[in-house]
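Undergrad: Just so you know, the protein sequences line up as chains A and B, in that order. The numbering used here applies: residue 123 is where the first sequence begins, and numbers increase by one. The numbering used here applies: residue 123 is where the second sequence begins, and numbers increase by one.
Number of protein chains: 2
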Amino acid sequence: MNQLTENIARIVRLEDHELKALNSVITSREVDKKEFLLRPGQVCKATIFVVKGCLRSYYLKDGEYQILEFAVDNWWIGDLKSFLRQTPSELFVDALEPTQVLRIKYSKLELLYEEIPKLERFFRILMENALVAHQERIMHTHTLSARQRYEMFTAKYPNFYHSIPQKDIANYLGITPEYLSTIRNPNSH
Amino acid sequence: MNQLTENIARIVRLEDHELKALNSVITSREVDKKEFLLRPGQVCKATIFVVKGCLRSYYLKDGEYQILEFAVDNWWIGDLKSFLRQTPSELFVDALEPTQVLRIKYSKLELLYEEIPKLERFFRILMENALVAHQERIMHTHTLSARQRYEMFTAKYPNFYHSIPQKDIANYLGITPEYLSTIRNPNSH
DNA sequence: GGAAGAAATTAAGATACCTTAAGAAATCAA
DNA sequence: TTGATTTCTTAAGGTATCTTAATTTCTTCC
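Here you go:
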């Protein structure tokens with residue numbers, strides 16, 4: 123068992139032979155800080171699970187970068203659209219710190235779904251939960267001020283937010299680093 | 123076959139007996155304009171599929187309503203979080219026009235997943251696609267101006283946007299109806 | 001078909017957040 | 001450790017979008 127299969131086993135019960143089949147398609151990798159796992163134009167061939175560390179995904183629009191999401195311990199990342207359709211990605215994925223990841227290739231996962239129907243269930247539930255989180259994020263951007271969104275962020279990632287550069291947090295929240303700085307200044311309250 | 127099973131059959135091939143089992147848990151219903159299918163506090167007991175018409179989901183924050191999404195022909199709606207966890211909802215779901223819907227109860231769907239593994243695949247894929255759409259919506263709110271988001275909206279719902287009140291489109295886009303009005307004014311270009 | 005209500009428009013003043021810029025602090029590389 | 005680079009802070013002026021409010025247009029419903 124590794125951290126990924128443990129995560130799966132928390133949702134669906136896998137038989138020994140299923141665990142074995144699953145483990146045979148998981149590859150491990152250490153990612154250096156600032157190293158890229160995906161760049162625009164490449165097809166996202168594998169889905170990435172973070173064992174320990176922090177990755178981010180972002181894209182370029184009019185020369186500016188925009189972060190889509192962070193992935194910390196026990197979460198998944200990649201370019202979902204590119205992965206699902208095996209089409210060229212529009213996202214960068216890189217590491218904010220030295221990070222250990224596990225990966226499953228698209229081609230292997232497709233076969234595995236046939237072999238292990240419970241894996242299909244796991245990913246259905248994973249996608250459902252991710253969708254709920256995205257809906258909540260959309261609600262927060264519509265209903266909360268920049269300051270409130272920052273407070274939500276620090277509450278959601280209490281162990282991580284100090285190791286993510288402030289300008290990246292600001293970018294993720296959709297504000298400028300200068301404005302985040304004024305928000306954080308206690309005199310601004 | 124109905125419009126829902128046709129939609130499913132486009133993604134996964136169902137045997138006759140599976141179709142039959144599926145159809146036995148689908149209930150049909152006409153919804154009047156302004157009629158509610160869900161209110162905060164209620165548990166979202168069924169997932170809703172729109173055959174024809176238009177529903178919306180929204181919530182109240184500080185006395186203001188905020189639309190989360192619209193569902194038009196061939197799309198699904200509800201309070202996903204409430205549905206998945208069978209906990210009290212925070213959302214309203216109501217009809218913007220007379221709408222025909224099909225519904226599947228949570229309790230029935232849970233059983234059906236055991237009986238028809240292909241249904242699990244269908245919903246995995248449905249959730250994946252919805253997640254991609256939500257990611258794109260988040261990217262657009264961060265990268266596009268209000269005017270560009272409005273143009274995306276009319277391009278995405280060419281057959282529907284004129285039947286949705288402008289104030290609701292504005293609300294969905296996260297702007298005021300007054301501002302949408304000035305954006306739409308050709309003199310503002 | 002007309003009255004009452006709701007939605008859309010227009011405009012003026014207000015505000016949250018942005019841009020630019022410069023200095024201070026932290027991090028990185030050698 | 002030190003110099004170079006990146007990040008963070010502070011502040012002043014600017015812009016997209018909001019608020020309020022008044023007017024017009026569109027719906028609803030009896």
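Backbone N, C-alpha and C fix where the C-beta goes; we use that ideal spot for every residue, glycine too.
When you compare the CB positions of B/Asp-314 and B/Arg-259, do they come within less than 9 Å of one another, or not?
TA: With chain B covering 123 to 311 only, the question about residue 314 of chain B has no answer from this structure.
Undergrad: What do you get for B/Gly-200, buried or exposed, if any count of 16 or more other CB atoms within 10 angstroms of its CB means buried?
TA: Buried is the call here.
Undergrad: Taking the Cβ atom as the reference point for each residue, do A/Pro-299 and A/Asn-293 lie within a distance shorter than 9 Å?
TA: In contact: A/Pro-299 and A/Asn-293 (Cβ atoms closer than 9 Å).
Undergrad: Cutting at 7 Å between CB atoms, please list the residues of its own chain near A/Val-165, excluding the five before and the five after it.
TA: Within the same chain, A/Val-165 has close Cβ partners Ser-204, Gln-208, Thr-209, Pro-210, Ser-211.
Undergrad: Going along the chain, which residues of its own chain have a beta-carbon closer than 6 Å to the beta-carbon of A/Pro-162, five neighbours each way excluded?
TA: Result list for A/Pro-162: Ser-211, Glu-212, in chain order.
Undergrad: Please state whether DSSP places B/Ile-305 in a helix, a strand or coil.
TA: If DSSP states are grouped into helix, strand and coil, B/Ile-305 belongs with the helices.
Undergrad: Relative to the C-alpha of B/Val-173, which residue among B/Ile-133, B/Leu-295, B/Glu-152 is closest?
TA: Taking only the C-alpha atoms, the option nearest B/Val-173 is B/Glu-152.
Undergrad: Please report whether the beta-carbon of B/Val-254 lies at a distance below 9 Å from any beta-carbon of chain A.
TA: It does; some Cβ of chain A falls within 9 Å.
Undergrad: Give the residues from the segment 219-244 of chain B that approach chain A closer than 8 Å (Cβ to any Cβ), ordered along the chain.
TA: The residues in question are Tyr-235, Pro-239, Glu-242, Arg-243.
Undergrad: What residues from the segment 292-303 of chain A come within 8 Å of chain B, judged by C-beta to C-beta, listed N to C?
TA: Here the close residues are Gly-296.
Undergrad: Can you check which of these residues, B/Gln-288, B/Asn-145, B/Ile-305, B/Thr-304, is closest to B/Ile-189 by C-alpha distance?
TA: Answer by Cα proximity: B/Gln-288.
Undergrad: Is there contact here, the segment 250-258 of chain A with the segment 239-257 of chain B, by at least three beta-carbon pairs under 8 Å?
TA: Touching, per the Cβ criterion.
Undergrad: Classify A/Thr-169 as buried or exposed, calling it buried when 16 or more other Cβ atoms lie within 10 Å of its own Cβ.
TA: It counts as buried.
Undergrad: Is the beta carbon of A/Val-134 less than 9 Å from the beta carbon of A/Phe-171?
TA: Going by C-beta atoms, A/Val-134 is not nearer than 9 Å to A/Phe-171.
Undergrad: Report the residue from A/Leu-234, A/Ile-305, A/Asp-290 whose alpha carbon sits nearest the alpha carbon of A/Leu-136.
TA: Here the closest residue by C-alpha is A/Leu-234.
Undergrad: Return the CA-CA distance between A/Gly-296 and B/His-264, expressed in angstroms with no decimal places.
TA: Near 6 Å, if we compare the C-alpha coordinates of B/His-264 and A/Gly-296.
Undergrad: In the segment 252-280 of chain B, which residues sit with their C-beta less than 7 Å from some C-beta in chain A, listed in chain order?
TA: Correct list: Ala-252, Leu-253, Val-254, His-256, Gln-257, Arg-259, Ile-260, Met-261, Thr-263, His-264, Thr-265.
Undergrad: Between the segment 135-151 of chain A and chain B, which residues of the former have a C-beta closer than 7 Å to a C-beta of the latter?
TA: Cβ contacts with chain B: none found.
Undergrad: As an exercise, report each continuous alpha helix (DSSP H) stretch of at least 4 residues that is fully enclosed by the segment 146-229 of chain B, in chain order.
TA: If we require 4 residues or more, the alpha helix (DSSP H) runs fully inside the segment 146-229 of chain B come out as 202-207.
Undergrad: What is the rounded straight-line gap between the Cα of B/Glu-232 and the Cα of B/Ile-247?
TA: Rounded to the nearest angstrom, the two C-alpha atoms are 17 Å apart.
Undergrad: Starting from the C-beta of B/Phe-158, find all residues in its chain whose C-beta is less than 6 Å away, skip the five residues before and the five after it, and write them out in chain order.
TA: Result list for B/Phe-158: Asp-216, in chain order.
Undergrad: Candidates B/Leu-126, B/Ser-267, B/Thr-276: which alpha carbon is nearest B/Asp-195's?
TA: Measuring from the Cα of B/Asp-195, the nearest candidate turns out to be B/Leu-126.
Undergrad: Let me make sure I understand the geometry here. Which of A/Ser-285, A/Pro-220, A/Ala-268, A/Thr-276 has the alpha-carbon closest to that of A/Lys-156?
TA: Considering only alpha carbons, the answer is A/Pro-220.
Undergrad: Scan the segment 226-259 of chain B and note each continuous alpha helix (DSSP H) run of 4 residues or more that stays entirely inside, going in chain order.
TA: The segment 226-259 of chain B contains these whole alpha helix (DSSP H) runs: 228-237.
Undergrad: Give the straight-line distance between the Cα atoms of A/Ser-267 and B/Leu-182, rounded to the nearest whole angstrom.
TA: One C-alpha to the other measures close to 16 Å.
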